[in-house]
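Numbering-wise, this note's numbering puts 183 at position 183 of the sequence shown, and it's gapless, one number per residue.
Using N, Cα and C, we set each Cβ at its ideal position, and we do this for glycine too.
Predicted, not measured: the structure shown is a model, and the values here were computed from it.
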Amino acid sequence: MSLRTRVALAGAVAVALALLLASLVLYPAAVTRLTGQHDTELVLATNDVPKLLKTLKARDEELSTQPVSVGTILLQFLPDPVEGQPNGFLPITAADVQIAEGMESGYFQEADVGGERYRVYTTQLRDAGPGLVRTAFPLSRDAGTLNQLKALLAGLTLGGALVAGLVARLVAGRVLRPIGHLAEAVQRVTATRDLQAELPTGGRDEVASLARSFTVMTAALRESVLAQRRLVADASHELRTPLTSLITNLELLHEGRGAADPQAPVLIGEAREQSEELRVLVADLVELARHGDSQLHLEDTRL
1 MSLRTRVALA GAVAVALALL LASLVLYPAA VTRLTGQHDT ELVLATNDVP
51 KLLKTLKARD EELSTQPVSV GTILLQFLPD PVEGQPNGFL PITAADVQIA
101 EGMESGYFQE ADVGGERYRV YTTQLRDAGP GLVRTAFPLS RDAGTLNQLK
151 ALLAGLTLGG ALVAGLVARL VAGRVLRPIG HLAEAVQRVT ATRDLQAELP
201 TGGRDEVASL ARSFTVMTAA LRESVLAQRR LVADASHELR TPLTSLITNL
251 ELLHEGRGAA DPQAPVLIGE AREQSEELRV LVADLVELAR HGDSQLHLED
301 TRL
């Protein structure tokens, strides 16, 4: 996988995580806001109960305990509630009886009735003796809104990640272009062994600094190669002269009368001196080889 692709994936993942985190915050906040709106509507609905009771009393009609629909809200009156008494909606609890007697304040709850989920508010029924009034809102009415919100957040997350990946890839191609040029130059040096090739060193960023470091390294390698060539040339020159003299002296000894030749001591002495020169020269070469083979300290560097 190329560096450009990795940068694009990293950008896409970062944006996707940010949008996902935002979605995880926004969705519960939206649910909480809707719940708060419904709670306000349920409480306001109980404010119309005294007016409704007066209307029923004026008509001499009995107060029904069955829940009735008032717009989107269910309304239920429970005069003189008894714990466990069936009422066609939610069972009456001991806490409900205390609320009817004015000993406790009203409360909100969520309950399932007939396969439907409701947000229910229970409070005291005033102006009609001990009693309860319940207002309820079916939460299924919010399902469509919440599903649309889920789809919107999911689409924004996926779409944002895709757009971020494409933008990051385009930007990465421009930002990483100097690195590509540097890599091509280094590969060219590696393929041609041309240590005099120029590397792009313009700019003040890290890539330019890396290019300058490569340039310094190739210059050092070039000097090392030149030094080796000079060493070989000098060694060839230094070895050629004593070797020629040594061979000549040995040939003279071989062609002459050996040790009986009056020049033998001189030739042998010169051969010994030349042999000593060769020994010293070889020792120097060995010492140079040992010095050049010193232990290297390697350190990994992330590019």
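Taking the alpha-carbon of residue i as reference, which of the options has the nearest alpha-carbon?
i, options, result
"Val186", "Val175, Val167, Met217, Pro28", "Met217"
"Asp112", "Lys150, Leu24, Ser140", "Ser140"
"Leu75", "Gly36, Asp96, Val120, Glu83", "Val120"
"Val15", "Ala211, Ala161, Gly269", "Ala161"
"His181", "Arg279, Val68, Ala208, Leu17", "Ala208"
"Leu125", "Lys150, Phe214, Ile99, Gln148", "Ile99"
"Leu156", "Leu20, Pro130, Thr5, Arg6", "Leu20"
"Val189", "Tyr118, Thr215, Ala95, Thr46", "Thr215"
"Arg6", "Thr241, Thr72, Asn147, Val167", "Val167"
"Ala211", "Glu276, Glu270, Ile179, Ala220", "Ile179"
"Ile73", "Glu276, Gly159, Val49, Arg230", "Val49"
"Arg193", "Val163, Asp234, Leu221", "Leu221"
"Gly36", "Ala10, Met103, Leu17, Asp142", "Asp142"
"Leu26", "Leu146, Ala183, Tyr118, Glu116", "Leu146"
"Glu110", "Glu104, Phe89, Met103", "Phe89"
"Val175", "Glu206, Glu276, Arg230", "Glu206"
"Thr241", "Val163, Ala95, Leu281, Val171", "Leu281"
Determine whether the beta carbon atoms of residue i and residue j lie at a separation below 7 angstroms.
i, j, result
"His329", "Phe108", "No information on residue 329 is available, as it lies outside the stretch 1 to 303 that the chain covers here."
"Val97", "Glu83", "yes"
"Ala8", "Arg177", "no"
"Ala132", "Pro81", "It should be pointed out that residue 132 corresponds to Leu in this sequence rather than to Ala. Yes."
"Gly106", "Thr93", "no"
"Ala12", "Gly165", "yes"
"Thr135", "Leu34", "no"
"Gln263", "Ser245", "no"
"Ala30", "Leu149", "yes"
"Thr65", "Leu52", "no"
"Pro130", "Glu101", "yes"
"Arg4", "Gly173", "yes"
"Ser2", "Leu153", "no"
Quick one: what's residue i bridged to in DSSP?
i, result
"Asp112", "Arg117"
"Phe214", "Paired residues: none, contrary to the question."
"Val68", "Leu75"
"Tyr27", "Per DSSP, none; premise fails for Tyr27."
Need the endpoints of the beta strand (DSSP E) that residue i sits in, please.
i, result
"Arg134", "131 to 138"
Helix, strand or coil, according to DSSP, for residue i in the structure here?
i, result
"Glu273", "helix"
"Thr122", "strand"
"Asp293", "In this predicted model, Asp293 has a pLDDT of only 48, less than 50, meaning its place in the structure is not dependable; the value taken from the coordinates is given anyway. The answer is coil: DSSP assigns Asp293 none of H, G, I, E or B."
"Leu21", "helix"
I'd like the span of the alpha helix (DSSP H) that includes residue i, first residue to last.
i, result
"Leu170", "143 to 175"
"Val97", "94 to 100"
At a threshold of 6 angstroms, does residue i count as lining the ligand MN (C-beta to nearest heavy atom)?
i, result
"Leu24", "Judged by which ligands are present, the structure shown has none, so any question about the ligand MN falls away."
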